[in-house]
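Below: the structure, in structure tokens.
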Amino acid sequence: MLNFVLRRAVSLAISLLVASVVIFFVLEVLPGDPARFMLGLNASPEALAALRTQLGLDAPVLVRYWSWLAGMASGDFGISYTYRTPAIELIAARLWVSIPLAVYALVLATLIGIPLGVLAATKRNSPIDAGTMGLTQIGIALPNFWFAMLLVLLFSVTLRWFSSGGFPGWDDPGAAMMALTLPAIALALPQAAILARVMRSSLLDTLDEDYVRTAQAKGLTRSQALWRHAFRNALIPVLTIMGLQFSFLLAGAIIIENVFYLPGLGRLAFQAITARDLIVVRSVVMILVFAVIVVTFAVDIAYAAVDPRLRRGTR
Amino acid sequence: MSLLELEKLGLTIDGTRILEDVSLEIGAGKVLGLVGESGSGKSLTALSIMRLLPGGANLTGKIGLDGRDLVAAGEGEMNGLRGQAMGMIFQEPMTALNPLMTIGDQVAETVRVHRGLGRSEARGLAAETLERVGLPGAMISPSRYPHELSGGQRQRVGIAMAIALRPKLLIADEPTTALDVTTQAQILDLLAGLVREEGMALMLITHDLAVVSQMADTIAVLHQGRVVEAGPARRLIDAPESPYTRQLVAASTHVPTRVRGAVGEVLLRVEGATRDYRLRSGLSMGSKTTFRALDGVSLTIGRGESVGLVGESGSGKSTLARAILGLEPLDAGRVEFAGRVVERAGRAARLTLRDMQMVFQDPYGSFDPRHRVGRLVAEPLHLLGDKAPKGAEREALVARVLESVGIEASAADRHIHAFSGGQRQRIAIARALVIEPALIVLDEAVSALDVSIRAQVLDLLAAISQRVAISYLFIAHDLQVVRAITDRVLVMEGGRIVEEGATERVLEDPQQDYTRQLVRAAPKLGG
Amino acid sequence: QRSDIVVGLVLEPPHMDPTSNAAAAIDEVVYANLFEGLTRFGPDGDILPALAQSWDVSENGLTYTFHLTEGVSFHDGSALTADDVVFSLDRARAEDSVNAQKFLFADIESVEASDDLTVAVTLSQPNGNFPFNMAWGDAVIVAPESAETNATDPVGTGPFRFEDWRQGDSVTLVRNEDYWGEPALLERATFRFISDPTAAFAAMMAEDVDTFPVFPAPETLAQLDADPRFEVVVGTTEGETILAMNNRREPLDNVLVREAIAHAIDRQAVIDGAMFGYGTPIGTHFAPHHPAYIDLTELSAYDPERSQQLLIEAGVSGLRLSLALPPPVYARRGGEIIAAQLRDVGIETEIVNVEWAQWLEQVFGEGDFDLTVISHTEPMDIEIYGREDYYFGYGAPEFVALWDELTRTVEPEARNALLGDLQRNISENFVNAYIFQLAKAGVQNADLEGLWVNAPTQATDLTQVRWTR
Amino acid sequence: MRVGLGVGAVLTAILAAMALLSLFWTPYDVTLIAVGERLLPPGPEHWLGTDHFGRDMVSMILVGAQTSIAVALVAVGLGMAVGVPLGLAAAARAGTAFDDIIMRGNDLVFAFPALIIAILITAVFGPGAINAIIAIGIFNIPVFARLTRGAGMGVWQREFIMAARVAGKGRVLISLEHVLPNIGNMLIVQATIQFSLAILAEAGLAYVGLGAQPPLPSWGRMLAEAQTMISLAPHVALVPGLAIVFSVLGLNLLGDGLRDLFDPRLGKAGR
Ligand SMILES: Nc1ncnc2c1ncn2[C@@H]1O[C@H](COP(=O)(O)OP(=O)(O)OP(=O)(O)O)[C@@H](O)[C@H]1O
Ligand SMILES: Nc1ncnc2c1ncn2[C@@H]1O[C@H](COP(=O)(O)OP(=O)(O)OP(=O)(O)O)[C@@H](O)[C@H]1O
Ligand SMILES: [Mg+2]
Ligand SMILES: [Mg+2]
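These protein sequence lines are chains A, B, C and D, in that order.
Residues 2 to 316 in the working numbering are what the first sequence spells out, letter by letter.
Residues 11 to 537 in the working numbering are what the second sequence spells out, letter by letter.
Residues -9 to 459 in the working numbering are what the third sequence spells out, letter by letter.
Residues 5 to 275 in the working numbering are what the fourth sequence spells out, letter by letter.
Pasting the structure below:
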């Protein structure tokens, strides 16, 4: 087990290093000068030069790469060009929106998707099965920004149950949850559809397994056999998907964040790219990559929790 | 009155008739052997009794268990009976257990479902039952997971689950086919003991006549969903009445007629072959444990000689076969074929393969389902490089080879799924023959076949060796088969060759403990 | 009655310091609310006294003496003195200054404090525009102690003080109870940043926002106006929207080609199609609401036939040009319409949508473009035509001569006449195609009053805003 | 669920037919802007009305289908062209360092937030159909590489591979002759599904202004531009959205249907 963790840690470090190189140098070739962006149309050449020096943009590339890397290792991602505050603080503030949103959406997706999948699997080939699977197909096919817009039109503009967007902060947790509800629904719908489909097909596979028949031969009822034997085995592929979904929800919410003008990580990245605030872009992408790798790792651990074959040395 | 009585049982699945007029009975403390070739309906008979049939199934007739009619019983009633009054052991020990649950809990579950016992009480009973099937908690803890057990041990867990509540009826569906002979013997002993001690009725399903003849009081022969013959075991084996049973018994004891050809110079020489597998298992990746599958194996095969290789599962037979063909690297030792060292890749490898071919165990799996038979059979011609015949010449060659194994030439245009198991294995032999090799390695080439088909294939092999001077390396775990087709036999255990000699001599008068054990474990018809 | 307001803005300010970044979004939050200069823009563009209650100009026009208002203190409690003014102006014009509008201070020779409340600024040449220059957001007065931290923790002299910035979401200001002048009527103001036009519309409809001074979805204005809850206020801005042409590049260096392009454009169709009717056609680079404006639209009236003829005259055919379009809707939508109109006269364009950063670097910085649609929102900026190295590259000697004369002229009549000549010069030379003056189309809650109608500078002055109900 | 397959096939056929038709004929020229006729409701002149520039919606949708298909097709093609060979090679050398590097590389690409990278790519090279293709294509590479490797490794376990090796065939030949044909069905199924995802992705990119550029119509951009007009002229906001929904739905149903059809385990029971 220790060996495994060590190996994973090394491969994690290598992955992060490669990612950092890719991120840094892709951003190097990005056209557009942050200094010019900040000073606008009438900026004088001296002012531009002065600002570039101030931002440390005139140092050689490798020096800047190295100092970025060294800074990150000590938790210092640099000072945002545009906001003039440490990038890490900007990101931390956004994470307080993005992570709860992603978790909220994932919980919703799970609460909707898993029961639907189980229902469809147990009623295989019935109209209920066909109906739920048809619904999930539509859930996947709806462009989520469009769905989000329709949600706003219905629940904010017409019914006025929720505000149309924005985020009031966590001082009032109730208001914060309200503000995240519509975005979470918009994000969760397609994910719930995917989960339902995976859950269904995975459960159908395990229901066909011999050990489910064995369980019934012991005298378990169909539903006992399903919940005690098939379900847990079926969760394994579902976990993989959920791991992928979490990272997607963390970063992929940009469009939803735009529609609901939420101060999330995705929108920060988007704004930073537009403003050529390379420090922030780099840090956000790096942190997201890191998050994905960590989540993948967590999913591996979760596997081990579910599956004893992975817990001890043998397979 | 018998414990279990089937009366004119009929079964259709989605309108297809599977069972018809099946009538059987078993008394308490008796063993009924249900035999028949693959697909004859043995498993579905068992599942009908348990009422665990697939969707679309329609059952008619009567199943009497202790006076109750199971055909008419509701699902709730059945749930009460399953596990309590009747238990079942399934064919595949590898997949019949839930991989995420400890074996103790799986056995305890039977108890908890029916007796409503608390967790610890149920566990106690489970531990007891496990002990009864030869898995004492001191050696095999009930908190182990299925993957931590061997196949035989898993099968015992399956048995423990079935007998935990001492049911009156136990149905065992091919409980030993997935196990090697020695393990098979242990399991059969265990079942026989239970019947004796507990007065349980046992329905033993198998395709192996030798196994039932050892175990059963009465035997029923199933053919295409009908019982063609039933009666006391002895009588049925010794004097079968129906032609089908007669054919079945004949095939089981069939020995191909073959004349020992002259053995020429040494064709294959293996010296000190050693193979270590690096174990990269699950989470403990990186640790450098190795497993020695071959441990200094040396052997020779002469031109025209037929050599058998026996040994229980995992003893390294397949590894050796692959190493001989140059498909597996060796960590030490060497393989020489016709005076040339066998290489693993490149032109040199092709040169030796040119004269060595192989026939595999799975008659279906060893063919790419997407290619036509003509192409499949011609594939080894690749070894001839530019000298390979092309176009019409190639087609003619394929046709000739197919005919030589008794398959019509027109088969070349069809896909492999259009053939029966026996035909497929003959096509596999044709494929091996197409480049006229000097040695054919057959790795469990007949294990997957029904007895009657197996007899045909063995005849074919014998006939070929009569026609051309060809050497066989015949790998099997079935001593019966080895006896029938080989001149000399090698016995493998744990990666070593422990005994070697003329087939008759070794099997009649084994010198080594291990060989003796093997010979003793092998079920014999009428034994 | 409410005492707070939620203002919707499209762009979030990068930070809060107006003296070191060109972003209009900064001024939209802080101008007149947090920071003040010596002078300030009034709602209609007049130059009004602010921190300087009055100023004198010396006879030769070279020295401005500013008399500071008494009793002004910064939000941190320190008093405003002449030294702060000297510091602010010297900082802005210094060698290593990162002020985005350094030209505002270019003429300053020296700044001196005569006493605590008097500052004398000496110019190197007379400049009638100097009080106007001092009204810009880039010329606000800051204190030396807080100058470096204004970006994140702004300390000004205005009627509101900074309270909180929820980055990516909103900025909150609260009333400055110690304000030197008339105190603000509202207690609290929140600026919400909503860039998506659809979201802006939804926020307005859901009444999550009380006003959008510059509403990003002009197509919905009619609908909002019809709603009794809202009022649509259309005013003027300083934004001349033009199709800029690269005068340095073949074949746009040929005035006939430029004239052909100018005649190919149907201004009204662009205004209708892109801005849903909000905007005033212009024929030169000058704001129509300015007294010196002259209507020159006829010079380049929509006339596709004439356009085709001019192209033949110029000897060009099969013309293919690239058209760079920055993000705002006037450019993206307007550009698409202009491209279609140019195609009608046989000029093919390849639309290249660019982000601001790219536009600034490629088009504006390197002059690497053929055509681009852009709104020049700085007030009174016809001067850019005198710079030969400006991105569209005009700088004709006649124009420069006229401009020089203007800077020397103080008398209003003569100034207006000269401004007319300047307008005519660029219009007759078809330097760019002049399309329309951007309208300031804002939406507000019907119960609000005191918001600016026009936008002489980009600001959301909240000093006079109040709820009527 | 043969119904699903049928519906999917029909919807996909309609999508393809629309794109093909638009190559030869559209009711109106989509580059023609007539501001005076903007936002007309559906009627005999314009069956689906006109958009905010007075362009005919039917024509826009037809040409938009062409854009969507072209972008999605090339992007998925790119993903397959690179991903499948990588996956085959990794499967052929499963367990080696080579395999490890390919798979870690895959994980790394997966770890990057797709939309942000797409935005970066378009920020570097400028927005446009080609760059949308590259952005979508890159993220299809690991999908196909992983799938091919997984399925390929399954095929490599089969006994007929051993038979091919006995016939003297090397890794490359075996990969091409045996592995690839045996995973072909699965690749087709996945391609169908990736195709539908690519259509959604293109719409998403277009929504943030990074997809195909004007004057080329794109469903995503039409939808984005029309959002604010939903209460003004509902048809301009609904039509492109429905076009996307039906295309994606069709392709997904087709993919699922094909999977069921190809999967031998399912037999008559269906799933
Ligand atoms: N779920 C099912 N649906 C339809 N037909 C089935 C099903 N299961 C089995 N059959 C068919 O029923 C017949 C009997 O099958 P069964 O499994 O009982 O054979 P068997 O005698 O146990 O064979 P084997 O020795 O191979 O296990 C076969 O022809 C088989 O194809
Ligand atoms: N790739 C491998 N990695 C690690 N161990 C292996 C590998 N292949 C085989 N082994 C082990 O080597 C031993 C010999 O395997 P081999 O397949 O040669 O046995 P066998 O005698 O053919 O058995 P069977 O009768 O079951 O086919 C077994 O214990 C097996 O678990
Ligand atoms: Mg069976
Ligand atoms: Mg073997």
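Idealized CB from N, CA, C, for every residue including glycine.
Just so you know, these numbers come straight off a predicted model, no measurement behind them.
- Three or more Cβ pairs closer than 8 angstroms define a contact, and the stretch 392 to 399 of chain B falls short of that threshold against the stretch 455 to 467 of chain B.
- Those residues that have a beta carbon less than 6 angstroms away from any non-hydrogen atom of ligand 1 are, in order along the chain, I23/B, I28/B, G46/B, S48/B, G49/B, S50/B, G51/B, K52/B, S53/B, L54/B, P64/B and H217/B.
- Listed in chain order, the non-local C-beta contacts of A185/A below 7 angstroms within the same chain comprise L102, Y105, A106 and L109, local neighbours out to five positions each way being set aside.
- The three-state secondary structure of F25/A, taken from DSSP, is helix.
- Membership of G86/B in the alpha helix (DSSP H) is indicated by the continuous run E85 to L91.
- What Y105/A touches in chain C, judged by beta-carbon distance under 7 angstroms, is nothing: the nearest beta carbon there is about 17 angstroms away.
- Distances from the CA of N140/C to each of N11/C, D186/C, P294/C and G273/C were compared; the closest alpha carbon is that of N11/C.
- At a beta-carbon threshold of 9 angstroms, none of the residues of chain D lie near L63/B; the nearest stands roughly 13 angstroms away.
- When DSSP assignments are scanned along the stretch 20 to 63 of chain B, the uninterrupted stretches of beta strand (DSSP E) that are 3 or more residues long and fall wholly within it turn out to be 26 to 36 and 41 to 45.
- Checking the 7 angstroms criterion, the Cβ of T186/B is out of range of every heavy atom belonging to ligand 2.
- DSSP places F146/A in the helix class (H, G or I) of the three-state scheme.
- Per DSSP, H233/B is not a residue of any alpha helix (DSSP H); the beta strand (DSSP E) it occupies stretches across T228 to H233.
- A heavy atom of ligand 2 is found nearer than 7 angstroms to the CB of H487/B.
- For G51/B, the number of other beta carbons within 10 angstroms of its own is at least 16, and it is reported as buried.
- Residue-level contact by beta carbon fails for T496/B and chain A, as no gap is shorter than 8 angstroms.
- Closest in C-alpha terms to A321/C, from the list L428/C, W155/C and E85/C, comes L428/C.
- Within 8 angstroms of the CB of I341/C, the CB atoms of chain D belong to Q217, P218 and P219, in sequence order along the chain.
- The bridge partners DSSP lists for N68/B are T22/B.
- Secondary structure at I425/C: strand, using DSSP grouped into helix, strand and coil.
- When DSSP states are grouped into helix, strand and coil, G241/B belongs to the strand group.
- In this structure, F301/B has its beta carbon less than 7 angstroms from a heavy atom of ligand 2.
- In the DSSP assignment, D199/B falls within the alpha helix (DSSP H) that extends over V191 to E208.
- Membership of D215/C in the alpha helix (DSSP H) is indicated by the continuous run L211 to A216.
- Per DSSP, the unbroken beta strand (DSSP E) holding R285/B starts and ends at V276 to R288.
- Residue pairing by DSSP places A431/C opposite V224/C in a beta bridge.
- Not a single heavy atom of ligand 2 lies less than 7 angstroms from the C-beta of T525/B.
- Around the C-beta of H427/B, fewer than 16 other C-beta atoms lie within 10 Å, and the residue is accordingly described as exposed.
- Scanning its chain for C-beta atoms nearer than 8 angstroms, with the 5 sequence neighbours on each side dropped, one finds around P4/C the residues N11, A13, A15 and I16, in chain order.
- Interface annotation for the stretch 162 to 185 of chain D against chain B: R162, E163, F164, M166, A167, A168, R169, V170, A171, G172, K173, H182 and P185, criterion Cβ-Cβ distance under 7 angstroms.
- The alpha-carbon of T297/A is positioned some 38 angstroms away from that of A36/A.
- For S160/B, the shortest separation between its Cβ and any heavy atom of ligand 2 does not lie below 7 angstroms.
- Per the DSSP secondary-structure output, V345/B pairs in a beta bridge with V280/B.
- Taking 8 angstroms as the threshold, the shortest C-beta distance from H124/B to chain A falls below it.
- Burial is judged here by how many other beta carbons sit within 10 angstroms of a residue's own beta carbon; A406/B has fewer than 16 and is exposed.
- Taken in chain order, the members of the stretch 73 to 89 of chain B whose beta-carbon sits within less than 7 angstroms of a beta-carbon on chain A are N89.
- With a threshold of 8 angstroms between beta carbons, D365/B makes no contact with chain D.
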